[in-house]
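Novice: Each residue of the sequence shown is one higher than the one before, starting from -4 at the first, in the numbering used here. Every residue gets a Cβ at the ideal spot worked out from N, C-alpha and C, and that includes glycine.
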Amino acid sequence: MNIFDVGGIVSTIALIFTLLIGTGIFIGINTIFECWYFGWRALIGEWLGCVIVAAFIVNFLSGIVGGLFSVLWFLIKLVVVIGGLGSIAIFIYSKVKGKNNTLGGEEKVNNEE
-4 MNIFDVGGIV STIALIFTLL IGTGIFIGIN TIFECWYFGW RALIGEWLGC VIVAAFIVNF
56 LSGIVGGLFS VLWFLIKLVV VIGGLGSIAI FIYSKVKGKN NTLGGEEKVN NEE
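1. Should G19 be counted as a contact of the ligand SAM given a C-beta to heavy atom distance under 7 Å?
2. What first and last residue would you give for the alpha helix (DSSP H) that runs through C30?
3. With three or more beta-carbon pairs closer than 8 Å as the criterion, would you say the segment 8 to 26 touches the segment 35 to 54?
4. Between the segment 40 to 50 and the segment 3 to 18, can you find at least three pairs of beta-carbon atoms closer than 8 Å?
5. Is it buried or exposed for C45, if we count other Cβ within 10 angstroms and need 16 for buried?
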């Protein structure tokens, strides 16, 4: 189960990024090169081609980002589990040794006689 896929919100965001990047590529190509078009079909075809290229770019980058988030999420869970087990072990150790403090540190010495 992917915790980052919340009911298609991620897909919608990816679609918006794809359209924005594709339109940006389209504008960039038309700004750099002086293109002559033979009708609206060529113009729309070029824009669709740019959006398809942008879809590949967004898919590749989202795979990288998703992989990094998965690794980061795993490391966070690992740190929480190790920290929890460590604090339980310190607590049990302090109870077995008969110390009053549970998290280590200096003990209070009672000098009253």
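Specialist: Well, looking at it:
1. As far as ligands go, the structure on display features none, and thus does not contain the ligand SAM.
2. Position 35 of the sequence shown, counted from the first residue, corresponds to residue 30. Unbroken run through C30: none, as it is neither H nor E.
3. yes
4. With the cut-off at 8 Å, the segment 3 to 18 and the segment 40 to 50 touch.
5. Walking along the sequence shown from the start, residue 45 turns up at place 50. It counts as buried.
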